[in-house]
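Here the sequence shown stands for residues 9 to 928, where the numbers follow our numbering.
Where a beta carbon is used, it is the ideal one built from N, C-alpha and C, also for glycine.
Okay, structure first, notes after.
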Amino acid sequence: MRILTLPALLAGLMLLTACGPDNKTNSDQSASKTTASEQAATTETAAQAPGPSVEEQPPAGKLPDGVRPTAYRLDLNLDPRKDQFGGQVEIDIDIDEATDHIWMHGNNIDVADIKALVPGKDTPQDNKEVPAHYRQMLDSGVVRVDFAGGVPAGKITLRIKYSAPFDKNLAGLFKVEEKGDAYALAKSESIQARRFLPGFDEPGLKATYDISLTIPEGYKAISNGPETERVDAGDGMEKVTFAQTRPMPTYLLSLAVGPFDVVERPAIPANQYRKEPLPLRGFARKGRGKDMKYVLDKTPEMLRIFEEQLQRPYPFRKLDIIAAPQWPSGATELSAAITYREQRILVEGDEPAPGLRLALLGVHAHEIAHMWFGNLVTPPWWDDLWLKEGFATWGTPLALTIMEPDGGHDLNAAVRAISAMNLDSLASTRAIREPITDNNNIRNAYDAITYAKSLGVIHMVDQYFGADTFRPALGRYIEQFADGVADSPDFYKVIGDETNSPQLTETFRTFVEQKGVPLLSLTVDCSKDGDAKVRIKQQRYKPLGSPISETGQQWSIPFCMRSNSGDTQCEFLSDTQQEIAVSGGACPEWVMPNANGSGYYRFNMDQKHWDALLDQFENLTPTERLSLIDSAFAAFEAGELKPGTLLEVVRLSATSDKRQVVEAPLGYLAKYADHYVDDANAANWQAFLKKLYGKKVQSLADKSDSESKLLRSRLLGFLALEGKDKETRKQLQQQAEQFTGFGTERDSKALDSDLYESALTVAIQDSGKDFLEHLIQMRSELDDPLFDNASANAIGRVTDPSQLDTIHKLALSEGMGAREAFGLIQNALIEPDLQAKNWQWLQDNFAAVVAKIPEQWRRNTPRFAANFCDQQSLQQVQALFTQQQKLVPGYQRALSQTEEGINLCMAQKSKGQELVGSLK
Numbered sequence: 009m010r011i012l013t014l015p016a017l018l019a020g021l022m023l024l025t026a027c028g029p030d031n032k033t034n035s036d037q038s039a040s041k042t043t044a045s046e047q048a049a050t051t052e053t054a055a056q057a058p059g060p061s062v063e064e065q066p067p068a069g070k071l072p073d074g075v076r077p078t079a080y081r082l083d084l085n086l087d088p089r090k091d092q093f094g095g096q097v098e099i100d101i102d103i104d105e106a107t108d109h110i111w112m113h114g115n116n117i118d119v120a121d122i123k124a125l126v127p128g129k130d131t132p133q134d135n136k137e138v139p140a141h142y143r144q145m146l147d148s149g150v151v152r153v154d155f156a157g158g159v160p161a162g163k164i165t166l167r168i169k170y171s172a173p174f175d176k177n178l179a180g181l182f183k184v185e186e187k188g189d190a191y192a193l194a195k196s197e198s199i200q201a202r203r204f205l206p207g208f209d210e211p212g213l214k215a216t217y218d219i220s221l222t223i224p225e226g227y228k229a230i231s232n233g234p235e236t237e238r239v240d241a242g243d244g245m246e247k248v249t250f251a252q253t254r255p256m257p258t259y260l261l262s263l264a265v266g267p268f269d270v271v272e273r274p275a276i277p278a279n280q281y282r283k284e285p286l287p288l289r290g291f292a293r294k295g296r297g298k299d300m301k302y303v304l305d306k307t308p309e310m311l312r313i314f315e316e317q318l319q320r321p322y323p324f325r326k327l328d329i330i331a332a333p334q335w336p337s338g339a340t341e342l343s344a345a346i347t348y349r350e351q352r353i354l355v356e357g358d359e360p361a362p363g364l365r366l367a368l369l370g371v372h373a374h375e376i377a378h379m380w381f382g383n384l385v386t387p388p389w390w391d392d393l394w395l396k397e398g399f400a401t402w403g404t405p406l407a408l409t410i411m412e413p414d415g416g417h418d419l420n421a422a423v424r425a426i427s428a429m430n431l432d433s434l435a436s437t438r439a440i441r442e443p444i445t446d447n448n449n450i451r452n453a454y455d456a457i458t459y460a461k462s463l464g465v466i467h468m469v470d471q472y473f474g475a476d477t478f479r480p481a482l483g484r485y486i487e488q489f490a491d492g493v494a495d496s497p498d499f500y501k502v503i504g505d506e507t508n509s510p511q512l513t514e515t516f517r518t519f520v521e522q523k524g525v526p527l528l529s530l531t532v533d534c535s536k537d538g539d540a541k542v543r544i545k546q547q548r549y550k551p552l553g554s555p556i557s558e559t560g561q562q563w564s565i566p567f568c569m570r571s572n573s574g575d576t577q578c579e580f581l582s583d584t585q586q587e588i589a590v591s592g593g594a595c596p597e598w599v600m601p602n603a604n605g606s607g608y609y610r611f612n613m614d615q616k617h618w619d620a621l622l623d624q625f626e627n628l629t630p631t632e633r634l635s636l637i638d639s640a641f642a643a644f645e646a647g648e649l650k651p652g653t654l655l656e657v658v659r660l661s662a663t664s665d666k667r668q669v670v671e672a673p674l675g676y677l678a679k680y681a682d683h684y685v686d687d688a689n690a691a692n693w694q695a696f697l698k699k700l701y702g703k704k705v706q707s708l709a710d711k712s713d714s715e716s717k718l719l720r721s722r723l724l725g726f727l728a729l730e731g732k733d734k735e736t737r738k739q740l741q742q743q744a745e746q747f748t749g750f751g752t753e754r755d756s757k758a759l760d761s762d763l764y765e766s767a768l769t770v771a772i773q774d775s776g777k778d779f780l781e782h783l784i785q786m787r788s789e790l791d792d793p794l795f796d797n798a799s800a801n802a803i804g805r806v807t808d809p810s811q812l813d814t815i816h817k818l819a820l821s822e823g824m825g826a827r828e829a830f831g832l833i834q835n836a837l838i839e840p841d842l843q844a845k846n847w848q849w850l851q852d853n854f855a856a857v858v859a860k861i862p863e864q865w866r867r868n869t870p871r872f873a874a875n876f877c878d879q880q881s882l883q884q885v886q887a888l889f890t891q892q893q894k895l896v897p898g899y900q901r902a903l904s905q906t907e908e909g910i911n912l913c914m915a916q917k918s919k920g921q922e923l924v925g926s927l928k
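Below, the structure is given as structure tokens:
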């Protein structure tokens, strides 16, 4: 298990071309055939291309208004045993004004024939066929379609016959082979539907879909609608037809074909909101259907809770849960066909390991929440991504807490919201809602700001204004925009109208539309007897070394504090400085500036009040302790908290009975261990960590509850990898050897999945050279997706220079999956002794690495350098991406955040060394 450093946390928090040659249309053809190679033949931007200057430039981002699809009829021949697929799509389109061309999407598609069908005035016989010409103009998949003689305003149908290759790197409609069987799956989000469907690939352009697939006989087929017909198509093929869908965007389109196991479950019963029973099925690759039991068992209750809380029915006619053999993200909320990377939801046996269980419940609840947030109501463009991802993230702990009131899901949500503040503390961060003008930057919005900061802001509003005020308004928002689109102004208006609270909408605006974390500096004024006041100054948080400039930034902050008076006092902070009279008037002995820990902000106080608050640590709620720990580390990294005070915070957290509180400092401590502990201080540092967490591990050994077991696993990994504790390392090494059968008979019970990565990493480093080859062999024999992923990460952590050639070849080999290759390379750049050699290999093989990893992750390649903390390495990173930028479109944000993270690490070095040195 890798405890992430600050730069790594920033990472976790997941080529324009010119106009091609103008292919001439033959007079006897309705369309010119445009091949994929011709479409992407050049690498200059359209703006730089030669040719008439009067030609309209292709849109790099959103398509022009005035052209809207209303319906798709898609008929594909889809055989995953082959290298290509093909067929025809008809798209009904509304056009506002007569035109000779339109803009749409298609990426690496070979169009054999394209024409427009223009309805006649009276009868179908009056319909007119208009020849058309299809050209891909940008590598991002922007297409221009020209019409011979033009088309009138009104309704037309665009008919396109086409083919395309199956992608082999988890993009668009891709194929994978597992255990000798081939599967095809469509990953449509965000702009990947254009790889297998010429169309209008934007979230706001919703339409209905009628889909037919011709597939190998006996194979299973999945799409968004229920299967309505299956007939023989000859030559060992069958044609499967699906019911028409509700209006939806292309990014939610599901296509999957293969020899899947199908697990039929009883229909989820009707209820007061949904009048019909809901068919429920699970799909997994051949032989793994039995491992769908756990997730399918949890689904009916989870769905019922969302329906009851939103008071709105599940919006689709069936629910399929698909465990994809390979998938580029953890999961995707494809309408009525939610698709997961199989290791996220497959469970061998009756009960998953605690960490896997928690992750499974979280991702499943998130995707089900999307059926309303995103699928039923869709943002019109990617700058409002938070309206689907933020609300699905917020809805997850709400549903899980109802399912499991004592499950700690509220604390997990608090941890996630706080984690966003690390990224939000950078000058190079972004606002939750920020303009996106280029297709290549869309995936950059899928970060901790969209997910975790949105969660924190929504939770803050919900807690301050009350569920009875906020949630009914949210239901009204869903009802008003069902089957349509809604942006942030739409959301603000509905929420404001329903609650009649301008302060509520102003809170959303100030937190959603500006970046940064508010810092509240508190001063307690007891100069007058019986008239104590707390003065609060708000400003943007800024760590040491930050280039953030003072701009007088302000938020509308729902602020609540409590003190020894026993009262919780709440006030709306909208000015730079405000005063709050202390309840009862007496001078408070202590003040907790974030009552219940629900505010998305950090706080700081003078030393006296820090000390007083720490004396009350055990009397604080768990979420208040989490807020205190975060604010203390933030104050230290801003140069405003003494090392001794921070160490006391760490000691107090280690004594907590809540897993999340104990774990809260671990990421910071890992960063300090990586960058600020030298040889002279290593023994003291390791002894400090052993004293803090060694006894905690021992106290958890005999406990059987999930939270205790999960905490023990995480602390064992931390002590072994960050604390370098010999005793813990020996224990994990032996368990890894027993589990893999290295030098002994294999014991499949020796490790649970929560310990896979940490134990295998220790064994890679301590069990000798032969263990690497043994582990590589085990990867080919053991059918366990969790093991496959964890072992790849562990292999990246080799510390023997003689093994580098082996792991480098493995990373780029056919035997390593695209996601696993990314993890191996990322982990290889963690180990300090081999960091330089691995970085040199990455530079020398950058093109091959980019080709290997998932396409939607390529923009994140600058984050490979997230663990650097020196000027020379920073310059090398900048040089690499100056040279190779065309290979990784959309890389700029990841690079700027990585650069800033390295600079902050260097700027804070003296503070970190002071902290470590204070342990002597």
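Exercise. Just grab the DSSP bridge partners of CYS534 for me.
Key: Listed as beta-bridge partners of CYS534 by DSSP are no residues whatsoever.
Quiz item: Per DSSP, HIS109 forms a beta bridge with which residues?
Solution: Under the DSSP definition of a beta bridge, HIS109 partners with ASP154.
Practice problem: Please check the pair VAL271 and MET300, which I expect to be a contact at CB under 8 Å, by giving their CB distance rounded to whole angstroms. | Solution: Going by Cβ atoms, the distance from VAL271 to MET300 rounds to 5 Å, so yes, they are a contact pair.
Quiz item: With distances taken between CB atoms, is the gap from THR507 to ALA475 smaller than 7 Å?
Solution: Contact: no.
Exercise. Could you tell me which residues DSSP pairs with TYR170 in its beta bridges?
Key: BP columns for TYR170 point to GLY95 and VAL119.
Quiz item: TYR170: which of GLN144, TYR142 and ASP118 sits nearest, CA to CA?
Solution: In terms of CA proximity to TYR170, ASP118 leads the group GLN144, TYR142 and ASP118.
Quiz item: Is the beta carbon of ALA140 sitting closer than 7 Å to the one on VAL153?
Solution: Yes, Cβ-Cβ distance for ALA140 and VAL153 is below 7 Å.
Quiz item: Fully enclosed by the region 427-504, which alpha helix (DSSP H) runs are 4 residues long or longer?
Solution: With a minimum length of 4 residues, the continuous alpha helix (DSSP H) runs that stay inside the region 427-504 are 462-473 and 475-488.
Quiz item: What are the boundary residues of the beta strand (DSSP E) that GLN546 is part of?
Solution: That run of the beta strand (DSSP E) goes 541-548.
Quiz item: Skipping 5 residues on each side, what residues in its chain have a beta carbon closer than 7 Å to that of GLU442?
Solution: Cβ within range, chain order: ASP391.
Quiz item: If you pair each beta-carbon of the region 163-178 with each one of the region 91-99, do three or more pairs fall below 8 Å?
Solution: By the criterion of at least three beta-carbon pairs nearer than 8 Å, the region 163-178 is in contact with the region 91-99.
Quiz prompt | Beta carbon of LYS541 nearer than 7 Å to that of GLU587 | solution = Yes, the Cβ-Cβ distance between LYS541 and GLU587 is below 7 Å.
Self-check item: Selection from GLN892, THR906 and LYS777 that minimises the alpha carbon distance to ASN875
Solution: Selected option, being the one with the closest Cα: THR906.
Quiz item: Is GLU185 helix, strand or coil by DSSP?
Solution: Residue state for GLU185 is assigned as strand, using DSSP reduced to three classes.
Practice problem: Find out if the Cβ-Cβ distance for the pair TYR684, GLY925 is shorter than 7 Å. | Solution: Contact: no.
Quiz prompt | Chain-order list of residues whose beta-carbon lies under 6 Å from that of LEU763 (same chain, five-residue window excluded) | solution = Close CB contacts of LEU763 within its chain, under the 6 Å cut and outside five residues either way in sequence, are with SER721 (chain order).
Quiz prompt | Cβ shell of VAL493 (< 8 Å), same chain only, five flanking positions each side left out | solution = Excluding sequence neighbours, VAL493 sits near PRO211, GLY212, LYS214, VAL385, THR386, PRO387 and PRO388.
Practice problem: Tell me where the alpha helix (DSSP H) around MET914 begins and ends. | Solution: It spans 900-915 - the alpha helix (DSSP H) in which MET914 sits, taken as one unbroken run.
Quiz item: Terminal residues of the continuous beta strand (DSSP E) containing SER231?
Solution: Residue range 228-231 is occupied by the beta strand (DSSP E) that includes SER231.
Quiz item: Does the Cβ of GLU735 have 16 or more other Cβ atoms within 10 Å, making it buried, or fewer, making it exposed?
Solution: Per the 10 Å Cβ criterion, exposed.
Quiz item: Which residues in the same chain as GLU397 place their Cβ atom closer than 6 Å to its Cβ, once the five residues preceding and following it in sequence are excluded?
Solution: So the qualifying residues of the chain are THR458 and TYR459.
Practice problem: Count the CB pairs spanning the region 187-203 and the region 878-892 that are closer than 8 Å, and state whether there are at least three. | Solution: Cβ pair count under 8 Å is below three, so no.
Practice problem: Determine the direct distance from the alpha carbon of ARG349 to that of LEU364, and round the result to whole angstroms. | Solution: One Cα belongs to LEU364, the other to ARG349, and the distance between them is close to 13 Å.
Self-check item: DSSP three-state assignment for ILE833, whether helix, strand or coil
Solution: Helix, per DSSP.
Quiz prompt | Residue of SER714, ALA643, ARG81 and PRO160 minimising C-alpha distance to HIS109 | solution = Checking every option, the nearest Cα to that of HIS109 belongs to PRO160.
Exercise. Measure from the C-beta of ASP391 to each C-beta in chain B and report whether the shortest distance is under 7 Å.
Key: Looking for chain B here will not work: only one protein chain is present.
Practice problem: Confirm, please, whether the CB-CB distance from GLY607 to MET468 is below 7 Å. | Solution: The answer is yes: Cβ separation under 7 Å.
Practice problem: Determine which residues share a DSSP beta bridge with TYR142 and list them. | Solution: In DSSP, TYR142 forms a bridge with VAL153.
Quiz item: Hey, ARG293 and TYR217 are a contact pair by Cβ (cut 8 Å); roughly how many whole angstroms apart?
Solution: Between TYR217 and ARG293 the Cβ distance is about 25 Å, and since that is not below 8 Å, they are no contact.
Practice problem: Following the continuous beta strand (DSSP E) through PRO77, name the residue where it begins and the one where it ends. | Solution: PRO77 -> beta strand (DSSP E) spans 75-85.
Practice problem: Please list the segments of the alpha helix (DSSP H) lying wholly inside the region 697-765, counting only runs of 4 or more residues, in order along the chain. | Solution: Qualifying alpha helix (DSSP H) stretches, in chain order: 714-729 and 734-748.
Practice problem: Could you tell me the boundaries of the alpha helix (DSSP H) in which ASN801 lies? | Solution: Start and end: 793-803.
Quiz item: Helix, strand or coil: which one does DSSP assign to ASP623?
Solution: Note: ASP623 maps to helix in three-state DSSP.
Quiz item: In the structure shown, what three-state DSSP assignment does PRO510 receive?
Solution: Note: PRO510 maps to helix in three-state DSSP.
Exercise. Can you give me the start and stop residues for the beta strand (DSSP E) that THR404 sits inside?
Key: Bounds of any beta strand (DSSP E) do not take in THR404; it lies within the alpha helix (DSSP H) bounded by 394-411.
Quiz item: Going by the beta-carbon positions, is the gap between LEU311 and TYR322 smaller than 7 Å?
Solution: Taking 7 Å as the Cβ cut-off, LEU311 and TYR322 qualify as a contacting pair.
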